Amino acid sequence: PQPQPQPAAGPELGWRTDFASQYCLGQRLGRGSYGTVHLGIHHKSGLQAAVKTLPKVHGKWSREKTLSRIAHETSVLEQLQGVHGVVRTLGFFEDAEDVHIVTEVCWGGDLQAFALRRGCLDEASLARVAYEVLRIIEGFHDAGYMHGDVKPGNFVVTVPCRDLATDLPLGGIRAVDVGCARRLGEGERLMQRAGTPAFMAPEVYAGSFAHKADIWAVGVMLFWLFDGTYPFAEQVDDLQRASLDDIAAAVTCCAPSFTSAEWHAMSQDGLDFVRACLCRDEACRVDAKAALSHPWIQRLGMPTEPPGVAMASLDDDFFE
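Going left to right, the sequence shown walks through residues 1 to 320 as UniProt numbering numbers them.
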């Protein structure tokens with residue numbers, strides 16, 4: 001095996017190196033294939049935050065490639081600060097072996113974990129999620145960005161909720177993974193695929209796509225949250241074992257299937273909304289603004305009670 005290069009003596013990303021003097025780590029909040037997320041407590045203020053710790057060498061990637069990926073994602077995250085619903089960053093730190101990305105803490109967990117823990121969402125909860133996620137996607141698009149990887153695991157709930165239909169506050173969902181986000185100019189099309197295969201739109205597989213690919217992915221996400229399967233499950237019954245070609249063929253050639261009992265029980269305008277997101281013809285698919293104006297969203301997606309406070313305000317002079 002090739003010897004790994006020795007860690008640089010100074011900061012490799014130009015980030016702060018005083019993490020230990022700023023924070024102490026608490027309970028683990030989550031763990032993925034790449035890193036871990038812990039509760040962080042700021043020594044001076046006592047404010048709680050989420051600390052995502054990533055190694056500077058990941059799997060078979062070289063140190064240089066790993067750091068390049070980290071630098072790209074955090075750069076995009078910084079550029080998107082101020083866009084509605086993007087998780088707020090509080091600081092970037094590094095040491096010899098790891099990086100620590102500090103953000104606001106969201107206690108409700110991600111939407112994938114919520115559905116796996118509590119079961120598929122009812123229609124009213126689904127509409128609330130659709131409204132909040134679409135507001136975030138609209139913010140990306142208005143800022144000139146495509147999200148690029150819309151899926152349940154990339155959106156978190158800011159506060160613990162037993163029932164998303166009644167407990168989710170206005171603005172109570174955050175986008176936490178923006179590594180696939182890309183800027184698009186007016187009329188620009190992207191050609192290089194990125195994201196998660198099961199959520200990619202037909203035009204992504206065709207190699208020419210833009211913002212509306214995010215709306216398709218929203219449709220797939222809502223389908224999974226409501227039904228527990230994917231729109232093309234009849235063609236690809238084992239997504240984990242399916243090849244990329246199998247998924248591409250199902251997405252591009254087969255109409256989404258709404259034959260389960262869950263869909264028969266959904267209201268007609270709810271079914272119409274999900275179909276509008278999953279229109280295979282990109283030109284006829286709704287955009288974010290049109291989706292937010294849909295009767296189903298207007299009827300069920302808006303909070304019925306005065307909104308709660310999604311998170312405490314954060315001072316700009318948070319750090320010493």
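Where a beta carbon is used, it is the ideal one built from N, C-alpha and C, also for glycine. All figures in this text were calculated on a predicted structure; none of them were measured in a lab.
Cβ-heavy atom distance, residue i to the ligand FAD, below 7 Å
i	result
Ala283	In terms of ligand content, the structure shown is empty, and the ligand FAD therefore cannot be addressed.
Three-way DSSP call (helix, strand, coil) for residue i in this model
i	result
Pro202	helix
His141	helix
Ala312	With a pLDDT of 38 at Ala312, under the threshold of 50, the predicted position of this residue should be treated as unreliable, though the coordinate-derived value follows. In this structure, Ala312 counts as coil in the three-state DSSP scheme.
Gly228	coil
Phe319	Confidence at Phe319 is low in this model, with a pLDDT of 37, below 50, so its placement is unreliable and the value that follows should be read with caution. Of the three classes helix, strand and coil, the one that applies to Phe319 here is coil, per DSSP.
Glu94	strand
Thr196	coil
His84	coil
Thr259	coil
Cys24	strand
Gln6	Because Gln6 sits at a pLDDT of 48, beneath the cut-off of 50, its placement in the model cannot be relied upon, and the following sentence gives the value as read from the coordinates. Three-state result, Gln6: coil.
Ala181	coil
Endpoints, the beta strand (DSSP E) within which residue i is located
i	result
Ala50	Gln48 to Pro55
Gln112	Careful: Gln112 lies outside any beta strand (DSSP E), inside the alpha helix (DSSP H) at Leu111 to Arg118.
Val37	Thr36 to His42
Alpha carbon of residue i to alpha carbon of residue j, nearest angstrom
i	j	result
His211	Arg280	14 Å
Glu97	Arg63	10 Å
Arg16	Val159	29 Å
Phe140	Val83	7 Å
Ala288	Leu39	34 Å
Ser260	Trp224	12 Å
Leu116	Gln48	26 Å
Pro303	Ile297	10 Å
Same chain only: Cβ atoms within 8 Å of residue i, ignoring 5 sequence neighbours per side
i	result
Val218	Ala130, Val133, Leu134, Ile137, Val150, Cys277 and Ala291
Glu12	Lys56, Leu67 and Glu94
Beta-carbon proximity list for residue i, same chain, < 6 Å, skipping 5 on both sides
i	result
Lys60	none
Arg189	Ser208 and Ala210
Val309	Confidence at Val309 is low in this model, with a pLDDT of 43, below 50, so its placement is unreliable and no value can be given for it.
Cys161	Gly108, Asp167 and Leu168
Range covered by the alpha helix (DSSP H) that runs through residue i
i	result
Leu292	Ala288 to Leu292
Phe155	Careful: Phe155 lies outside any alpha helix (DSSP H), inside the beta strand (DSSP E) at Phe155 to Val157.
Thr17	Premise fails: Thr17 is in no alpha helix (DSSP H) and is neither H nor E.
Ala248	Leu244 to Cys253
Ile70	Arg63 to Gln79
Do the stretch 195–210 and the stretch 239–249 meet, that is, are 3 or more Cβ pairs less than 8 Å apart?
yes
Is it true that the stretch 75–85 meets the stretch 121–128, where meeting means three or more beta-carbon pairs spaced less than 8 Å apart?
no
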